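Take a look at the structure below.
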Amino acid sequence: MKDCIFCKIANQEIGTEIEYENDNVIAFKSIDPKARIHLIITTKKHYDTILDIDDAETIQDLHKAIKEVSQKFNIYNSGFRLINNCKEDSGQEVMHAHIHMLGGERLRDAII
Ligand code: AMP
Ligand code: ZN
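Reminder that position 8 of the sequence shown reads as 8 in this note's numbering, one-by-one numbering, no gaps.
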């Protein structure tokens with residue numbers, strides 16, 4: 001989608017380093033990290049929110065990415081937090097479906 005920052009990253013139109021890739025999903029470091037490790041796991045194809053993903057293989061590849069990215073960053077065993085902001089009330093800023101993966105430290109301020 002035109003003017004979507006995550007589409008531009010997925011299409012390699014800007015120089016963001018891709019840390020992980022599978023058939024339908026990529027991951028890269030957040031530009032504004034909220035933990036020692038903060039990755040954005042997102043779809044190559046544009047979907048506005050996680051609710052709009054209608055492709056089973058993409059859902060499967062998101063799950064695969066969660067496992068493989070956490071392995072790559074050595075937080076598979078120590079643990080991590082996944083956050084998805086969906087639509088306005090959540091504060092979603094980038095309207096291209098994505099999951100935040102936070103870890104690499106003992107996370108505090110758990111809200112649930
Ligand atoms: P959200 O509020 O869930 O939409 O979060 C958007 C996330 O994308 C935030 O963590 C931003 O820091 C991150 N972000 C925005 N632009 C970029 C970019 N160009 N490269 C990497 N991360 C970005
Ligand atoms: Zn997009």
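Glycine included, each C-beta is placed from N, C-alpha and C at the ideal position. Model, not experiment: these values are computed from the prediction.
*Just tell me which of 45, 8, 51 and 13 has its CA closest to the CA of residue 92.*
Residue 92 sits at position 92 when you count from the first residue of the sequence shown. Among 45, 8, 51 and 13, the Cα nearest to that of residue 92 belongs to 51.
*How is the alpha helix (DSSP H) around residue 6 delimited, first residue to last?*
As a working note, residue 6 is residue 6 in the sequence shown. Element bounds for residue 6: 5-10.
*Close beta carbons around residue 61, own chain, < 7 Å, minus the five adjacent residues each side*: Taking the first residue of the sequence shown as position 1, residue 61 is located at position 61. Sequence-distant Cβ neighbours of residue 61 in its own chain, meaning closer than 7 Å and more than five residues away, are 22, 23, 24 and 25.
*asked:* Closer than 7 Å to a non-hydrogen atom of the ligand AMP - does that hold for the CB of residue 94?
replied: The residue you call residue 94 lines up with position 94 of the sequence shown. Distances taken from the Cβ of residue 94 to the heavy atoms of the ligand AMP include one shorter than 7 Å.
_Residue ranges of each alpha helix (DSSP H) within the region 15-82, 4 or longer_ = For the region 15-82, whole alpha helix (DSSP H) runs of length 4 or above, ordered along the chain, are 56-72.
*Under 8 Å, do residue 41 and residue 65 count as touching if we go by C-beta distance?*
Counting from one through the sequence shown, the residue named residue 41 turns up at place 41. Counting from one through the sequence shown, the residue named residue 65 turns up at place 65. With respect to the 8 Å criterion, residue 41 and residue 65 are classified as neighbours on the basis of their beta carbons.
*Tell me where the beta strand (DSSP E) around residue 102 begins and ends.*
Taking the sequence shown and counting its residues from 1, the one referred to as residue 102 is at position 102. Taken as a continuous stretch (DSSP letters only), the beta strand (DSSP E) holding residue 102 covers 98-103.
*Taking all protein chains shown into account, do 16 or more other C-beta atoms lie within 10 angstroms of the C-beta of residue 82, making it buried, or fewer, making it exposed?*
In the sequence shown, counting from the first residue as 1, residue 82 sits at position 82. Per the 10 Å Cβ criterion, exposed.
*Under 8 Å, do residue 48 and residue 97 count as touching if we go by C-beta distance?*
The residue you call residue 48 lines up with position 48 of the sequence shown. The residue you call residue 97 lines up with position 97 of the sequence shown. The answer is yes: Cβ separation under 8 Å.
*DSSP state of residue 93, grouped into three classes?*
Position 93 of the sequence shown, counting from 1, holds the residue named residue 93. Here residue 93 sits in coil by DSSP.
*Use the C-beta contact count for residue 70: other C-beta atoms within 10 angstroms, 16 or more gives buried, fewer gives exposed.*
Reading the sequence shown from its first residue, position 70 is the one you call residue 70. In this structure residue 70 is buried. Its beta-carbon is surrounded by 16 or more other beta-carbon atoms within 10 angstroms.
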